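S.K.:
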Amino acid sequence: MPVEPIYNNQEPFPVETPEDVARLVDLLVPAADDDPLSRLLGDHFSLLAATHPEWFTPYRELVLTERLESFNGNFGDFRILFGGASDGCVEHLLGQLRDGWKTWPGWGLASIGTEAAMSALADWVRAGGERGDLEDLGVWVPPTGPAQYRFPLERKAVFLRKFDDPAELSTVDNPVGLPLAEVLRDPEKSPVTWHYVSLRVDQLPGMATWPVPRVHLVGPRANWGWELTAAFDEDGRYRDEVARLDSAPDAEEEGYLIGDEQYGGNHGAVTLRPYDGDLVYCNGHIQLTPDVVGTAGGPPLGVGRTPHCPACERLMFHVASVEHHVRDYGDGWRGLFVCEDCRLVTCNANGWN
832 MPVEPIYNNQ EPFPVETPED VARLVDLLVP AADDDPLSRL LGDHFSLLAA
882 THPEWFTPYR ELVLTERLES FNGNFGDFRI LFGGASDGCV EHLLGQLRDG
932 WKTWPGWGLA SIGTEAAMSA LADWVRAGGE RGDLEDLGVW VPPTGPAQYR
982 FPLERKAVFL RKFDDPAELS TVDNPVGLPL AEVLRDPEKS PVTWHYVSLR
1032 VDQLPGMATW PVPRVHLVGP RANWGWELTA AFDEDGRYRD EVARLDSAPD
1082 AEEEGYLIGD EQYGGNHGAV TLRPYDGDLV YCNGHIQLTP DVVGTAGGPP
1132 LGVGRTPHCP ACERLMFHVA SVEHHVRDYG DGWRGLFVCE DCRLVTCNAN
1182 GWN
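Heads up: the sequence shown begins at 832 in my numbering, then just goes up one per residue.
1) For V1003, collect the residues of the same chain with a Cβ closer than 7 Å to its Cβ; drop the 5 residues on either side in sequence, then sort them by chain order.
2) Following the continuous alpha helix (DSSP H) through H1192, name the residue where it begins and the one where it ends.
3) Over what stretch of residues does the alpha helix (DSSP H) that includes C1170 continue unbroken?
4) Do E1058 and N1179 have their C-beta atoms closer together than 8 Å?
5) What separation, rounded to the nearest whole angstrom, lies between the Cα atoms of R962 and H1139?
6) Quick one: give me the first and last residue of the alpha helix (DSSP H) that V1150 is part of.
7) Give every residue of the same chain whose Cβ lies closer than 6 Å to the Cβ of P1105, excluding the five residues on either side of it in the sequence, and list them in chain order.
8) From the DSSP output, which residues share a beta bridge with F982?
9) Could you give the first and the last residue of the continuous alpha helix (DSSP H) run that contains Y1069?
10) Using DSSP bridges, identify the partner residues of K1020.
11) Distance check for T1126 and E892, CA to CA, integer angstroms please.
12) Decide if S1078 is buried, meaning its Cβ has at least 16 other Cβ atoms within 10 Å, or exposed.
13) Any idea what DSSP makes of F990, helix, strand or coil?
14) Quick check on V1124: does DSSP put it in helix, strand or coil?
15) Looking at C-beta atoms only, is the number of pairs between the segment 1072-1091 and the segment 1027-1034 that lie closer than 8 Å three or more?
16) What does DSSP give as the partner residue(s) for Y1112 in the beta ladder?
17) Compare the C-alpha of Q927 against each of L899, G907, V856 and A947 and name the closest.
18) Can you give me the C-alpha to C-alpha distance between A941 and D996, rounded to a whole angstrom?
19) Is the Cβ-Cβ distance between V1049 and V1023 less than 8 Å?
20) With distances taken from CA atoms, which of R854, G1056, S1001 and W932 is nearest G1133?
21) By a C-beta neighbour count over all protein chains shown, 10 Å radius and 16 as the cutoff for buried, is T1040 buried or exposed?
22) Once you ignore the five residues that flank P1042 on each side, which residues in its own chain have a CB closer than 8 Å to its CB?
23) Three Cβ pairs or more, each shorter than 8 Å: is that satisfied between the segment 841-853 and the segment 878-894?
24) What three-state label does DSSP hand E900 in the structure shown?
25) Below 8 Å between beta carbons: does that hold for R990 and D1159?
26) Measuring CB to CB, does L1000 end up less than 8 Å from G1008?
27) Report the option in G1182, M1147, N1181 and S1152 whose CA atom is closest to the CA atom of Q979.
28) Please tell me whether L859 and V894 are closer than 8 Å, where the distance is taken between their beta carbons.
29) Determine whether the beta carbon atoms of G873 and G1108 lie at a separation below 8 Å.
30) If you drop the 5 nearest sequence neighbours on each side, which residues of the same chain put their C-beta closer than 6 Å to that of A1053?
31) Compute the Euclidean distance between the alpha carbons of P973 and R1145, then round it to the nearest angstrom.
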């Protein structure tokens, strides 16, 4: 079963027909007073978002206006299931934000995506609403005009396959563990100390116009709490890298990281596969699926505030979020973002929460 309950005494529900979806929506009523049920239902709605989102369409308005508090899920699921909801929902949810940000109404409003919804979000921010709450979701409010999504709607699961022979790196589309000289123009002067993964842009949601074949997720010598921005040359190698660390690693942490660098880390490749019914949905994510290490596309996952382009200050476009386990070094989530206009790439890292 693609839904794995969090609690041992729970059994998943079927999600095989439109009638099954109607039952899930009905169960949102008792779930208002039953957090374990609400969380279990959320994973079923995640599965639904990946397989048959059209079965949820008749219930968008009902859930957004009457049952939203017991509707669990991640923002990527919200965006797919609630996208295109009516202007009446926009007014209802906006009214719940009059006294400040509330997560579920805020997520609901930000997920609708219509001109009315995106204009309402922008007006709310310009009237004093908390911009950062939206930016955490990957939603940008420019100086004028409606809000904008800075991520593609499509999501792909990132699957890792490890191998022993580094010669195999030259034969795969999305290599893990390349030599730094292959991804940096001047590795001796760079703050980059680790290569996680390189991704072909023609396989990435929303990246069809990127001018070089791959984007690279790399990082400096730090566990988490860092951000690294780079330009790139005609071969896609990064140049002019600038790293910003919340705090430098202490001597013990640095010793571990240097040891990892000297050891060399694993080699492998990732493949990108659409979200579907073959993934394991549990506790709002797909990370319990064997060999899954992250997601390409969709809103950012677990990587903290989405970075701004240092050149134009626009919120950067989310490419992928992966666990450090893609190539063990440091700890936590790693994010990959781009600015399409300024041709800059930013990688960042935070802890798990």
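Don't be surprised by glycine CBs; every beta carbon is placed ideally from N, CA and C. None of the values given here were measured: they were computed from a predicted structure.
M.R.: Let's see:
1) Reading the sequence shown from its first residue, position 172 is the one you call residue 1003. Around V1003: A1100.
2) In the structure displayed, the chain extends from 832 to 1184; residue 1192 sits before or after that span and is not available.
3) Here residue 1170 refers to the residue found at position 339 of the sequence shown. No alpha helix (DSSP H) contains C1170, which is instead part of the beta strand (DSSP E) from W1164 to C1170.
4) Here residue 1058 is taken as the residue at index 227 of the sequence shown, counted from 1. Here residue 1179 is taken as the residue at index 348 of the sequence shown, counted from 1. In contact: E1058 and N1179 (Cβ atoms closer than 8 Å).
5) Taking the sequence shown and counting its residues from 1, the one referred to as residue 962 is at position 131. Taking the sequence shown and counting its residues from 1, the one referred to as residue 1139 is at position 308. Straight-line Cα distance between these residues: approximately 13 Å.
6) Translated into the one-based positions of the sequence shown, residue 1150 becomes position 319. Careful: V1150 lies outside any alpha helix (DSSP H), inside the beta strand (DSSP E) at F1148 to E1154.
7) Translated into positions along the sequence shown, residue 1105 becomes position 274. The residues K987, in chain order, have a CB closer than 6 Å to that of P1105 in the same chain once the five nearest residues on each side in sequence are set aside.
8) Translated into positions along the sequence shown, residue 982 becomes position 151. Paired residues: none, contrary to the question.
9) Your numbering for residue 1069 matches position 238 in the sequence shown. From DSSP, Y1069 is part of no alpha helix (DSSP H) but of the beta strand (DSSP E) over Y1069 to L1076.
10) Position 189 of the sequence shown, counted from the start, is the residue given in the question as residue 1020. Per DSSP, none; premise fails for K1020.
11) As a first step, residue 892 must be located in the sequence shown, where it is residue number 61. As a first step, residue 1126 must be located in the sequence shown, where it is residue number 295. Distance between the alpha carbons of E892 and T1126: 28 Å.
12) By 1-based counting over the sequence shown, the position of residue 1078 is 247. By the 10 Å Cβ count, S1078 comes out exposed.
13) Your numbering for residue 990 matches position 159 in the sequence shown. Strand.
14) Walking along the sequence shown from the start, residue 1124 turns up at place 293. In this structure, V1124 counts as strand in the three-state DSSP scheme.
15) The segment 1072-1091, when compared against the segment 1027-1034, does not touch it at the 8 Å Cβ threshold.
16) Numbered from 1 along the sequence shown, position 281 holds the residue referred to as residue 1112. BP columns for Y1112 point to V834.
17) In the sequence shown, residue 927 corresponds to position 96, counting from 1. Measuring from the Cα of Q927, the nearest candidate turns out to be L899.
18) Numbered from 1 along the sequence shown, position 110 holds the residue referred to as residue 941. Numbered from 1 along the sequence shown, position 165 holds the residue referred to as residue 996. CA-to-CA, the gap between A941 and D996 works out to about 46 Å.
19) On the sequence shown, residue 1049 is found 218 positions in, with the first residue counted as 1. On the sequence shown, residue 1023 is found 192 positions in, with the first residue counted as 1. A contact, by the Cβ cut-off of 8 Å.
20) Residue mapping note: residue 1133 aligns to position 302 of the sequence shown, counting from 1. Ranked by how close their Cα comes to the Cα of G1133, the residues R854, G1056, S1001 and W932 have G1056 in first place.
21) Taking the first residue of the sequence shown as 1, we reach residue 1040 at position 209. T1040 should be labelled exposed.
22) For the purposes of this step, residue 1042 is taken as residue 211 along the sequence shown, with counting starting at 1. These residues qualify, in order along the chain: R1174.
23) Output reads yes: the segment 878-894 touches the segment 841-853.
24) Against the sequence shown, residue 900 aligns to sequence position 69. Correct three-state label for E900: helix.
25) Counting from 1 along the sequence shown, the entry for residue 990 is found at position 159. Counting from 1 along the sequence shown, the entry for residue 1159 is found at position 328. The question names Arg, but residue 990 in the sequence shown is Phe. Between F990 and D1159, the gap from beta carbon to beta carbon reaches 8 Å or more.
26) Locating residue 1000 in the sequence shown gives position 169, counting from the first residue. Locating residue 1008 in the sequence shown gives position 177, counting from the first residue. One thing to note: L1000 has its Cβ within 8 Å of the Cβ of G1008.
27) Locating residue 979 in the sequence shown gives position 148, counting from the first residue. Minimum Cα-Cα distance from Q979 among the listed residues G1182, M1147, N1181 and S1152 corresponds to M1147.
28) The residue given as residue 859 occupies position 28 in the sequence shown. The residue given as residue 894 occupies position 63 in the sequence shown. Yes, the pair counts as a contact, with Cβ atoms nearer than the cut-off.
29) Sequence index remark: in the sequence shown, residue 873 carries index 42 (1-based). Sequence index remark: in the sequence shown, residue 1108 carries index 277 (1-based). Not a contact, by the Cβ cut-off of 8 Å.
30) For the purposes of this step, residue 1053 is taken as residue 222 along the sequence shown, with counting starting at 1. When the five nearest sequence neighbours on each side are left out, the beta carbons in the same chain lying within less than 6 Å of the beta carbon of A1053 are those of L1076 and P1080, in order along the chain.
31) Sequence index remark: in the sequence shown, residue 973 carries index 142 (1-based). Sequence index remark: in the sequence shown, residue 1145 carries index 314 (1-based). Approximately 7 Å between the Cα atoms of the pair.
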